[in-house]
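Please read the structure below before turning to the comments.
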Amino acid sequence: MKPRTSLPQIDRADLHRAHDPQLAPLRQRQGPQGRCQRPQADLHRSKSRGRGACSRALRSQVGTPLRNDLHFLAWRTNWERVVPFLDFPPELRRVIYTTKQIEALNSSFGKLLQYRGHFPDDKSLTKLLYLALRRFEKKWSRSIRNWSEVLGQLAIFFKDRISAL
């Protein structure tokens, strides 16, 4: 398995800027004003159109009163982390930013390991996680839309990580 640093331009892609937990205390102090016209709404709509549309939506907010809004500042300061994500085709982006399934699997692993003590070696932990993954796999019913197309795009973008099937 290759180290995570092999693709540094996307390792820190921050895809859910609207839900940044570090901004929560500031948002509470700011109050409800301006909630209905947040700049991330324009950015969210333009994400599906690619890098150019998203940067135009961000630049369009510069001269408005929203330029000091926390959401606008969050997008502005983290722009370099988000932009590489927009280079991928829309079908591949959908697979990448759909993290709900991954979070559910991680939560299931966490519940499984919560009350366990220590493991005598790595092999026993790997075995337990493998068996749990097989059990969770039976519950998965929905497949990814256009998976063959997405798999082809993954093979193009990540040649060195995906072996020929």
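With the working numbering applied, the sequence shown has no gaps in its numbers, which climb one by one up to 292 at the end.
Every residue, glycine too, gets a C-beta built ideally from N, C-alpha and C.
A quick note: this is a predicted structure, and the numbers were derived from the prediction, not measured.
Exposure of W202, with buried meaning 16 or more beta-carbon neighbours within 10 Å | In the sequence shown, the residue the question calls residue 202 occupies position 75. W202 should be labelled buried.
Status (buried if at least 16 other CB within 10 Å, exposed otherwise) for L256 | On the sequence shown, position 129 is the one that residue 256 refers to. Exposed is the call here.
When burial is assigned at 16 or more other CB atoms within 10 Å of the CB, is F215 buried or exposed?
-> Here residue 215 refers to the residue found at position 88 when the sequence shown is read from its first residue. Buried, since its Cβ has 16 or more Cβ neighbours within 10 Å.
Compute the distance between the beta-carbons of A282 and I271, then report whether it is under 7 Å.
-> In the sequence shown, counting from the first residue as 1, residue 282 sits at position 155. In the sequence shown, counting from the first residue as 1, residue 271 sits at position 144. For A282 and I271, no; Cβs fall outside 7 Å.
Should the segment 226-238 be called in touch with the segment 258-271, which here means at least 3 C-beta pairs below 8 Å?
-> yes
Inter-residue Cα distance where the pair is F284 and R221 = Here residue 284 refers to the residue found at position 157 of the sequence shown. Here residue 221 refers to the residue found at position 94 of the sequence shown. Separation of F284 and R221 (C-alpha to C-alpha, rounded to the nearest whole angstrom) is 15 Å.
N- and C-terminal bounds of the alpha helix (DSSP H) containing Q280 = To locate residue 280, count along the sequence shown from 1; it is residue 153. That run of the alpha helix (DSSP H) goes 274-284.
CB of L252 within 7 Å of CB of F246, strictly = Translated into the one-based positions of the sequence shown, residue 252 becomes position 125. Translated into the one-based positions of the sequence shown, residue 246 becomes position 119. Yes, the Cβ-Cβ distance between L252 and F246 is below 7 Å.
Residue range of the alpha helix (DSSP H) that includes V210 | As a first step, residue 210 must be located in the sequence shown, where it is residue number 83. Counting along the chain, V210 falls outside any alpha helix (DSSP H), and DSSP gives it neither H nor E.
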